[in-house]
Amino acid sequence: MPQLILFNKPFNVLSQFTGAAAEETLAYYLKAPGFYPAGRLDKDSEGLLLLTDCGETQQRISNPRHKLGKLYWSQVEGSITDSALQQLRQGVSLKDGRSRPAGAEALAEAHVAAEIWPRTPPIRERKQIPTSWVALTLFEGRNRQVRRMTAAVGFPTLRLVRQRIGDWQLDGLQPGEHRAITLPSQWWR
């Protein structure tokens, strides 16, 4: 049966096993021959990355036609407005076309603080400009999509953490930690 590794990818780590000598890669954290990422997470993003030893599973997880929602928590510059959230829910115009509608809601700072680890290095902060957190659920996976969507509505992303893919979530995994599971047979058939 296919195996799945849930990995909390730290900031500034490539979501691949090889890279330039000075770059941190998955190989620093995982010794998993035969496993490959199911999708990508940018070097400057953090959070859930799934790896599998099965090509069919990899395809089912990463292909948008299977409609596995991906939940991201985005720390944005400024206090997110109801109008911006509504625009995100309806889809926004990007250079490569209109995004699909997304789930979008503001997150309370106290809720985020209880769930998210401090980032090293910390994000840049400006004393006169507040930040806020937004939960976005996407059903497509364009390059740097969350960052481009929040910028399109006037709230650039400063920090991005993927919390969930489909039914799989971080569930307390700290940066650099992983958990292996066996997929139930009804999932991959």
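The opening position of the sequence shown corresponds to residue 1 in UniProt numbering, with each subsequent residue numbered one higher.
Cβ coordinates follow ideal geometry from the N, Cα and C atoms, glycine included.
Nearest to R98 (by Cα), restricted to the options A152, R60, Q174: A152
With which residues is V161 paired in a DSSP beta bridge? E46, W73
Counting only the same chain and skipping the five closest in sequence on each side, list residues whose C-beta sits under 6 Å from that of V13. E24
Do L26 and I181 have their C-beta atoms closer together than 8 Å? no
Tell me which same chain residues have a C-beta within less than 6 Å of the C-beta of L94, skipping the five on either side of it? R148
Tell whether a beta-carbon distance below 8 Å holds between residue 220 and G78. The question about residue 220 has no answer here: the residues shown for the chain are numbered 1 through 189.
For Y36 and L51, which I take to be in contact (beta-carbon distance under 8 Å), what is that distance rounded to the nearest angstrom? 6 Å
Hey, quick one: how far does the alpha helix (DSSP H) through A151 stretch, first residue to last? 145-152
With DSSP run on the structure shown, which of helix, strand or coil describes A102? coil
Taking 8 Å as the threshold (C-beta atoms), are E109 and W133 in contact? yes
Could I get the ranges of all uninterrupted beta strand (DSSP E) runs contained in the region 101-137, with 3 residues as the minimum, in chain order? 103-107
What whole-angstrom Cβ distance do P175 and P10 have, given they're in contact under 8 Å? 4 Å
Does R147 have its Cβ less than 8 Å from a Cβ in chain D? Considering every chain present, this structure includes no chain D. It has just one protein chain.
Can you name the start and end residues of the beta strand (DSSP E) that A180 belongs to? 178-182
Note the first and the last residue of the continuous alpha helix (DSSP H) segment covering I61. 55-62
Would you give the residue range spanned by the beta strand (DSSP E) that Q3 belongs to? 3-9
With distances taken between CB atoms, is the gap from E125 to P64 smaller than 8 Å? no
Suppose you measure from the CA of T137 to the CA of R179; what does that come to, to the nearest Å? 23 Å
Test item: CB-CB of Q88 and A106 under 8 Å: Reading the sequence as shown, one finds Leu at residue 88 and not Gln. Result no, Cβ atoms of L88 and A106 do not sit closer than 8 Å.
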